[in-house]
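Beneath this line is the structure, given in structure tokens, with notes to follow.
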Ligand code: SF4
Ligand code: SF4
Ligand code: SF4
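Residue numbers (the working numbering), protein chains in the order written: chain A, 1 to 649; chain B, 650 to 805.
Laid out in structure tokens, this is it:
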């Protein structure tokens, strides 16, 4: 184990539970050492719960404290046994607030070789907490494939050799069989072939369609040779400090989601409306950012992409996460075409974009199929879109030859894309180069091929939008310490003193906005709640947390907590070698749209200025990327000053 | 007369009913302590809630050797804790598997319709559980008749 650095606060686990455990918590962290093959419950103190809450709040601190190199000067890399894979839930998980099955994965990821915060839902958090644990901390590396089985106090590392090679859905099916359980009685999060083969953008998939997708967290799991985590719906009870208050806050949130104009379509159709809505803003990524006109996709008819038509194109049934009343997640059955009769997870907007528009495909049935194939292989569907679209463009332009790839891959060829997916997730042939992710593959090819690749210099890729018309998201993605948007889009911004609307192409306003919205997302991602079901007034979310735990949690405290968490992740990122020089979009990512609604809007012309503004607003040093001593002090992180600034602090 | 009606086709498997029931019945959140259970079907693609249908025959009541099961004010069969001796005969007698036994308290327990304000129906976001006024309390019988007629018609 890595010793704690001298500047970090004391281990959260050593303090005794002198005060009563706050409601909503199971009370233990589960530490799993794959090298030693040990599993141990560590109680954590009420003070630490209050300080770190859970989710990314807890995960960020564990990474900071436990992933330094032994000399304390650098950080271990993603594939080092000392890397941690934190699978954390939060105090709201398992309570009757909508969408509280939450999982947050924190690790040093294979994409940026820096910190990660990526979320998924389903029943992970619920089942884990009913077994008596708030989070799992995985460390070490196993020689043989194992899976982690948790059933209340029975925690075992079991032989997973028979699961190797299975995709994520097959793995869950095999574990159902092995345990004699089904449905939500057993929550399974696993990796498929892409994770086993250390694909740099491998994800962790669970409960049929929920994916913690960012920064190659699946590759970390693969490197540790942990095939799956299988959690029985345990039998331990959760209490709330004010149970009636929890139900009231839950009702309030549900009412807001059902009736508020900004959440209503999400309530009705999940993220499906994204396709048509974003296409109107020029934010639907089409053919690897070469166009913003849907008419440039062969056979595309946008009218059948309206949310109701998209859903009704399939036989479908709700497949919600714990206690969730959104009409969001669905299981669908394909009705037409080659894949008729196949069960798929209804794609999210990002699936429709990554497996569809970004690669020039608009046949809904085959796109839905490819999306589930990505989940089954455990490939991040966003990076998949940028990778596959890039290969298609490069073939069209002759930058990647037929001989190199082994076959011809044209825009919109879903079957060919599927073939590529198999090559990448098994690292076969040219797939081995592509498995390194867009950035590394593009750098390997260099020349004009590199110019068409969409990535961030840190090694990550954006979410499934065309950020050339969503400047906040590009800035957020590039400045993030956690490989994907750290601040997120505005949710009721006026509640926290931010404008309701800004000019989206005014770099100065954009940078101020992104800085001003900081905090909320990291707070939410610490609670064990879904980002969609927390799309309500922050005040309601705080009320739910207060009722659950018995703390009086205010909106101000929530924002401060979120900012503090982001700063801790930044400190780890700096230790990982991330610098300000990496906070740039690749040539194509930061290019100017040639057509569509955002035609001619050039973000690159304003980029430097945007960075300047963002840095000064968040209180970081532009040269070194470090949070300034004053910023640290204001956030109550004086202890970080010493390690970041040495004596100067 | 009001009964709990279950509409399995609407259920999304979110398990909110189980949570609400356990809270109402025990004050804690723990689905294993609820008396409504949501079961997966077809592997994992569909779910359906199930609880005591308050059957007309009242098998549990008939089986109880000490008369610990009565019919409460809202028409639900209810276990009287101070009378129950924990012999589990009712759990064997119940043909629906909706009579449970708690080893901690050594008592049988079941759905008591929350005294007329069913927490599960209130909690269900999709109205897969409703509390409705009906002409006969035997909704399960009605459901069986309707379903049998439909299945036979389809088979023809
Ligand atoms: S909104 Fe969707 S992902 Fe979120 S909790 Fe509900 S069903 Fe799950
Ligand atoms: S009516 Fe009450 S006791 Fe019966 S299943 Fe519903 S919540 Fe449980
Ligand atoms: S609350 Fe309703 S939708 Fe959710 S599992 Fe229970 S019956 Fe099904």
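Quick reminder that beta carbons are idealized off the backbone N, C-alpha and C, glycines included.
* Indicate whether residue 624(A) and residue 580(A) have their beta-carbon atoms separated by less than 9 Å. => With respect to the 9 Å criterion, residue 624(A) and residue 580(A) are classified as neighbours on the basis of their beta carbons.
* To do: With 9 Å as the C-beta to C-beta threshold (strictly closer), list the residues of the region 722 to 751 of chain B near chain A in chain order.
  => Identification of residues in the region 722 to 751 of chain B having a C-beta nearer than 9 Å to some C-beta of chain A yields an empty set.
* Looking at C-beta atoms only, is the number of pairs between the region 635 to 649 of chain A and the region 308 to 322 of chain A that lie closer than 8 Å three or more? -> Result no; under three Cβ-Cβ pairs closer than 8 Å.
* For residue 656(A) versus residue 175(A), is the C-beta spacing smaller than 9 Å? -> For residue 656(A) there is no data in the structure shown, the boundaries of chain A being 1 and 649.
* Is residue 488(A) helix, strand or coil by DSSP? -> Three-state result, residue 488(A): coil.
* Using a beta-carbon distance cut-off of less than 9 Å, what residues from the region 331 to 344 of chain A approach chain B? -> Residues 331, 333, 343.
* Residue range of the alpha helix (DSSP H) that residue 415(A) falls in? -> In the DSSP annotation of this structure, the continuous segment of the alpha helix (DSSP H) that includes residue 415(A) starts and ends at 414 to 425.
* Checking contacts by CB at 9 Å: is residue 189(A) closer than that to chain B? -> No, residue 189(A) lies away from the interface with chain B (no Cβ there is under 9 Å from its Cβ).
* **Minimum Cβ-Cβ distance from residue 676(B) to chain A less than 9 Å** => Interface residue (Cβ-Cβ distance to chain A less than 9 Å): residue 676(B) is classified as such.
* Return the chain-ordered list of same chain residues with a C-beta closer than 7 Å to the C-beta of residue 49(A), the five sequence neighbours on each side being excluded. => Within the same chain, residue 49(A) has close Cβ partners 22, 25.
* At a CB-CB cut-off below 9 Å, which residues of chain A make contact with residue 798(B)? -> Within chain A, no residue comes near residue 798(B); the closest Cβ sits about 24 Å away, beyond 9 Å.
* Quick one: complete beta strand (DSSP E) runs, 3+ long, within the region 695 to 773 of chain B? -> As far as the region 695 to 773 of chain B is concerned, its whole beta strand (DSSP E) runs of at least 3 residues are 695 to 699, 718 to 720, 726 to 728, 749 to 751, 756 to 758.
* To do: Give the secondary structure of residue 243(A) by DSSP, where H, G and I count as helix, E and B as strand, and everything else as coil.
  => Correct three-state label for residue 243(A): helix.
* Are residue 204(A) and residue 378(A) closer than 9 Å when you measure CB to CB? -> Yes, Cβ-Cβ distance for residue 204(A) and residue 378(A) is below 9 Å.
* Are there 16 or more other CB atoms within 10 angstroms of the CB of residue 755(B), so buried, or fewer, so exposed? -> Classification of residue 755(B): exposed, given that the 10 Å Cβ count is below 16.
* To do: Give me the Cα-Cα distance between residue 396(A) and residue 408(A), rounded to the nearest whole angstrom.
  => Straight-line Cα distance between these residues: approximately 9 Å.
* **residue 655(B): CB within 8 Å of a non-hydrogen atom of ligand 3** => Yes, ligand 3 has a heavy atom inside 8 Å of this Cβ.
* Asked: Any residues in the region 93 to 114 of chain A with a beta carbon nearer than 7 Å to a beta carbon of chain B? Which ones, in chain order?
  -> Those residues of the region 93 to 114 of chain A that come within reach of chain B (Cβ to Cβ, closer than 7 Å) are 94, 95, 96.
* N-terminal and C-terminal residue of the beta strand (DSSP E) that residue 686(B) is part of -> Element bounds for residue 686(B): 686 to 690.
* Measure the beta-carbon distance from residue 727(A) to residue 107(A) and round it to whole angstroms, keeping in mind my assumption that it falls under 8 Å. => Residue 727(A) lies beyond the range of chain A shown here (1 to 649); nothing can be said about it.
* **Within chain B, partners of residue 324(A) - CB distance below 7 Å** => Correct list: 663.
* So, is the C-beta of residue 763(B) closer than 9 Å to a C-beta in chain A? -> With 9 Å as the cut-off, residue 763(B) does not count as an interface residue toward chain A.
* Close Cβ partners of residue 802(B) (< 6 Å) along its chain, the five nearest in sequence each way excluded -> Counting only Cβ-Cβ distances below 6 Å, and skipping sequence neighbours, we find nothing.
* **Pairwise C-alpha distance: residue 99(A) and residue 525(A)** => So the alpha carbons of these two residues sit roughly 12 Å apart.
* **Near ligand 3: residue 661(B) beta-carbon under 8 Å from a heavy atom** => Taking the Cβ of residue 661(B) as the reference point, at least one heavy atom of ligand 3 falls within a distance shorter than 8 Å.
* Asked: Does at least one heavy atom of ligand 2 sit under 8 Å from the Cβ of residue 432(A)?
  -> In this structure, residue 432(A) has its beta carbon at no less than 8 Å from each heavy atom of ligand 2.
* Any non-hydrogen atom of ligand 1 within 8 Å of residue 530(A) CB -> Yes, ligand 1 has a heavy atom inside 8 Å of this Cβ.
* For ligand 2, is there a heavy atom less than 8 Å away from the beta-carbon of residue 729(B)? -> Taking the Cβ of residue 729(B) as the reference point, every heavy atom of ligand 2 lies at 8 Å or farther away.
* Counting pairs of beta carbons, one from the region 355 to 370 of chain A and one from the region 410 to 420 of chain A, are three or more of them closer than 8 Å? -> With a cut-off of 8 Å, the region 410 to 420 of chain A and the region 355 to 370 of chain A count as touching, because enough Cβ pairs lie within range.
* Give the interface partners of residue 695(B) over in chain A, defined as CB-CB distance under 7 Å, in chain order. => Contact annotation for residue 695(B) against chain A: 317 [CB-CB distance below 7 Å, chain order].
* With respect to 8 Å, is the separation between the Cβ of residue 371(A) and the closest non-hydrogen atom of ligand 1 below this value? -> No, since every heavy atom of ligand 1 falls outside the 8 Å radius drawn around the Cβ of residue 371(A).
* Bridge partners of residue 206(A), per DSSP? -> DSSP, once it has assigned bridges, lists 189(A), 210(A) as partnering residue 206(A).
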